[in-house]
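**Q**
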Amino acid sequence: MISDISKGTGTKLSRNAIIFVIVMIVNVVIIILLTPIGFETRPISALKTLGYIAITTIFIGLALDLASIVLLLFKRGRVRLASGLAIISAVLFFLIISVDRTGAFFSAPIPPAITTLEYLLTAILIVTLFIAAWVYRGSKPDSS
15 MISDISKGTG TKLSRNAIIF VIVMIVNVVI IILLTPIGFE TRPISALKTL
65 GYIAITTIFI GLALDLASIV LLLFKRGRVR LASGLAIISA VLFFLIISVD
115 RTGAFFSAPI PPAITTLEYL LTAILIVTLF IAAWVYRGSK PDSS
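If you want it as structure tokens, here you go:
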């Protein structure tokens, strides 16, 4: 069980924080599916200059999501920080998805699977923003 992962703190995750962890894991899975490991079939040769910035931004957002998950699971006192990182990551991904829809990253058309996953990610990002804000407001400020 998630509440038993960290024996050092002796505190359990709240129900809201557990929901937040699950949503963050779904975020990470969808983001990975949006890469060439998943369903991205556009060739690297079709990447425009702005696309390289997008790739960097995707890795930053993914790192923020993973950091949020780690903070939630292993550093229970860092719920506010995890929520803040998740909010920043969600905003970054909204920007990336919006600009990708304009065709600014690739000279090739957006594959249908990527379009579907981007719509799904948009919905999950909205949920992430609400839950992250909810968890942030419900947590106490970090004591360190």
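Residue numbers for the sequence shown follow this note's numbering, so the first one is 15 and each next one is one higher. The C-beta atom is built at its ideal place from N, Cα and C for all residues, glycine as well. All figures in this text were calculated on a predicted structure; none of them were measured in a lab.
What are the start and end residues of each continuous beta strand (DSSP E) run of 3 or more residues lying completely inside the segment 107-156, in chain order?
**A** Whole beta strand (DSSP E) segments, 3+ residues: zero.
**Q** What does the Cβ neighbour count give for ILE138, buried or exposed, with the cut at 16 atoms within 10 Å?
**A** So ILE138 counts as buried.
**Q** Any heavy atom of the ligand SAH closer than 7 Å to the beta-carbon of THR49?
**A** Of the ligands one can find in the structure shown there are none, so the ligand SAH has no counterpart to examine.
**Q** Pull the bridge partners of LEU61 from the DSSP assignment, please.
**A** In DSSP, LEU61 forms a bridge with PHE120.
**Q** Does DSSP classify PHE34 as helix, strand or coil?
**A** Three-state result, PHE34: helix.
**Q** For GLY75, name the three-state secondary structure that DSSP assigns.
**A** Looking at GLY75 - three-state DSSP - the assignment turns out to be helix.
**Q** With DSSP run on the structure shown, which of helix, strand or coil describes ARG56?
**A** ARG56: coil per DSSP, three-state reduction.
**Q** Would you identify the three-state DSSP class for SER97, choosing helix, strand or coil?
**A** Residue state, collapsed to three classes: helix.
**Q** Skipping 5 residues on each side, what residues in its chain have a beta carbon closer than 7 Å to that of VAL40?
**A** Excluding positions up to five away in sequence, the list reads ILE138.
**Q** Assuming LEU106 and THR71 make a contact with CB atoms under 8 Å, what is their CB distance in whole Å?
**A** Rounded, the Cβ-Cβ distance is 6 Å, consistent with contact.
**Q** Cα separation between ARG94 and ILE74?
**A** Roughly 19 Å separates the two Cα atoms.
**Q** Just verifying my parser: in three-state terms, what is the DSSP assignment at ASP18?
**A** Model confidence at ASP18 stands at a pLDDT of 45, short of 50, so the residue's coordinates are unreliable and nothing is read from them.
**Q** Buried or exposed: where does SER103 fall if 16 or more other Cβ atoms within 10 Å of its Cβ makes it buried?
**A** With 16 or more other Cβ atoms within 10 Å, it is buried.
**Q** Would you call VAL43 buried or exposed, if buried means 16 or more other Cβ atoms sit within 10 Å of its Cβ?
**A** Exposed is the call here.
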